[in-house]
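Numbering (numbering that gives the first Met the number 0), first residue to last: 0 to 176.
Beta carbons: idealized from backbone N, C-alpha and C, even for Gly.
Working notes, beginning with the structure itself.
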Amino acid sequence: MQSDEASPHDWQDDVYRVLRETGVKHVVYVPDAGHSVAIRMAEADDEIHSVVLTTEEEGIGYLAGAWLGGERGALLLQSSGVGNCINTLALQVCARFPLLLVVTMRGDWAEFNAWQNPMGQATEASLKLMGVMTWRADDPKDVAPLLHGAATMAFNGDSACALLLGQRLIGEKKWVK
Numbered sequence: 000m001q002s003d004e005a006s007p008h009d010w011q012d013d014v015y016r017v018l019r020e021t022g023v024k025h026v027v028y029v030p031d032a033g034h035s036v037a038i039r040m041a042e043a044d045d046e047i048h049s050v051v052l053t054t055e056e057e058g059i060g061y062l063a064g065a066w067l068g069g070e071r072g073a074l075l076l077q078s079s080g081v082g083n084c085i086n087t088l089a090l091q092v093c094a095r096f097p098l099l100l101v102v103t104m105r106g107d108w109a110e111f112n113a114w115q116n117p118m119g120q121a122t123e124a125s126l127k128l129m130g131v132m133t134w135r136a137d138d139p140k141d142v143a144p145l146l147h148g149a150a151t152m153a154f155n156g157d158s159a160c161a162l163l164l165g166q167r168l169i170g171e172k173k174w175v176k
């Protein structure tokens with residue numbers, strides 16, 4: 000019998016599908032397990048430029064350049080990486096180019112690593128303080144429509160928009176000590 004529930008990876012496929020449907024040609028990222036499906040799909044797609052970053056804030060400048068070149072992009076990052084981007088978000092505030100962020104959350108539910116908690120708890124507020132509009136998905140069925148909406152608002156309004164993918168969506172990480 001088939002379940003009506005989405006499989007754990009359906010939402011990850013949705014991330015990539017929505018990026019493609021909204022015309023994204025550049026996917027920039029710091030490697031992250033929560034984004035692994037979208038990253039692999041972007042790397043395999045000849046029409047997508049996938050770029051591994053040294054640090055997340057590099058992605059903001061890269062995406063500004065992509066937009067100046069007439070192309071759309073998205074930055075895939077983890078909530079801890081948002082802290083690295085705060086100062087660089089001023090580039091988007093001053094230059095008003097579309098900025099789409101897809102953020103996997105840590106430190107907000109069943110987190111085993113206390114070092115993830117401070118930035119995980121401050122991620123959404125930090126983004127909002129820098130003028131980034133945010134939406135949060137904790138249910139697999141919400142990922143595609145929320146990401147579509149964020150991408151539409153970013154690309155049609157020269158806005159900074161972020162979809163936060165909740166840790167309950169991603170699943171509890173269990174590490175053996």
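Looking only at its own chain, which residues have a Cβ that is under 6 Å from the Cβ of residue i, when we skip the five neighbours before and after it?
{"i": "Thr54", "result": "Asn83"}
{"i": "Met152", "result": "Ser158, Cys160"}
{"i": "Thr21", "result": "Ala150"}
{"i": "His147", "result": "Val17"}
{"i": "Glu182", "result": "Because the chain here runs from 0 to 176, residue 182 falls outside it and cannot be looked at."}
{"i": "Trp114", "result": "none"}
Since I believe residue j is in contact with residue i (beta carbons under 8 Å), could you give me their beta-carbon distance rounded to a whole number of angstroms?
{"i": "Val29", "j": "Tyr61", "result": "Contact doesn't hold; Cβ gap of about 12 Å is too wide."}
{"i": "Thr122", "j": "Leu163", "result": "7 Å"}
{"i": "Gly165", "j": "Asp137", "result": "4 Å"}
{"i": "Val14", "j": "Val142", "result": "6 Å"}
{"i": "Pro139", "j": "Trp10", "result": "4 Å"}
Counting C-beta neighbours from all protein chains within 10 Å, is the total for residue i 16 or more, i.e. buried, or is it exposed?
{"i": "Arg105", "result": "buried"}
{"i": "Ser6", "result": "Caution applies to Ser6, whose pLDDT of 48 falls short of 50 and renders its modelled position unreliable; the value that the coordinates give is listed next. Counting Cβ neighbours within 10 Å, Ser6 comes out exposed, since fewer than 16 surround it."}
{"i": "Phe111", "result": "exposed"}
{"i": "Ser2", "result": "Low per-residue confidence applies at Ser2: pLDDT is 40, beneath 50, and the placement is therefore not dependable enough to give any value."}
{"i": "Gly33", "result": "buried"}
{"i": "Val92", "result": "exposed"}
In terms of residue numbering, what span does the alpha helix (DSSP H) encompassing residue i cover?
{"i": "Met40", "result": "35 to 43"}
{"i": "Lys140", "result": "139 to 156"}
{"i": "Gln120", "result": "116 to 128"}
{"i": "Arg167", "result": "166 to 169"}
{"i": "Arg135", "result": "Run containing Arg135: none in the alpha helix (DSSP H); it sits in the beta strand (DSSP E), 132 to 136."}
{"i": "Val17", "result": "9 to 20"}
Does any C-beta atom of chain B lie closer than 7 Å to the C-beta of residue i?
{"i": "Arg167", "result": "The chain labelled as chain B is not found in the depicted structure, where only one protein chain is given."}
Could you name the residues of the same chain whose beta carbon sits closer than 8 Å to that of residue i, not counting the 5 residues immediately before and after it, in chain order?
{"i": "Lys24", "result": "Glu46, Ile47, His48, Ala65, Glu70, Arg71, Gly72"}
{"i": "Pro117", "result": "Gly106"}
The beta strand (DSSP E) with residue i in it runs from where to where?
{"i": "Val51", "result": "48 to 51"}
{"i": "Val27", "result": "23 to 28"}
Exercise. Per the contact definition of three or more C-beta pairs closer than 8 Å, is the stretch 81 to 96 in contact with the stretch 40 to 53?
Worked result: no
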